[in-house]
Amino acid sequence: EGSVSVRPHIYIHKYFQQVFEVSFQFRNPFGIDPTTGGRLFPQIWQIAIMPTFSVGSGTYTRPQIRLIYALSVLNNSARRTYAEDDPRRNQKLQHFLGVGVEWWFNSSYR
C-alpha cells in the first residue's frame, strides 16, 4: 500500500487560504480475483479543493475549518474491491463533499 500527495496552499487573506491536493493511492493485495482469475492492482487518483479558514497564516496554524470537495478516479481493480451489490462498484468517478476541522493541543491559538 502507498500514497503520494502534494498539497499546495495559496494564502488569500490572513484568515483564509485556498488549498489544493492531488494524490495517487495504490494497493498491492496478494491473491487472485475469484471472478476474473487475474491479479488486482487497485489505483486511485484524487483531486481535492479545500477552502480553509484559520486563525492566522501559516501551514501549521491551528485550528482550521475546511470545506472539502474531492474527485476520485478509480481504475477497474479499485472498483472491484467493492462488494458486487455496492452501487459504487460501477462508478469510475466518485465525489466527496464534506467539512473538516483540525485542532492541535497547544496550538497557535489559545
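Heads up: take any position in the sequence shown, counting from 1, add 14, and you land on our numbering.
From the three backbone atoms N, C-alpha and C, an ideal C-beta is built for every residue, glycine too.
Check	Outcome
Runs of beta strand (DSSP E) lying entirely within the stretch 35-87, each at least 3 residues, in chain order	57-68
Backbone CA spacing between residue 80 and residue 26 [nearest angstrom]	14 Å
Cβ neighbour criterion (16 or more within 10 Å) applied to residue 66	buried
Local Cβ density within 10 Å of residue 7, reported as buried at 16 or more and exposed below that	With the chain running from 15 to 124 in the structure shown, residue 7 is simply not present.
Span separating the alpha-carbon of residue 95 from that of residue 105	12 Å
Status (buried if at least 16 other CB within 10 Å, exposed otherwise) for residue 17	exposed
Outcome for residue 107 when other beta-carbon atoms lying within 10 angstroms are tallied against a minimum of 16	exposed
Test: residue 105 CB closer than 8 Å to a CB of chain B	Included in the structure is just one protein chain, with no chain B present.
Contact under 8 Å by Cβ, residue 53 with residue 35	no
Pairwise C-alpha distance: residue 59 and residue 47	22 Å
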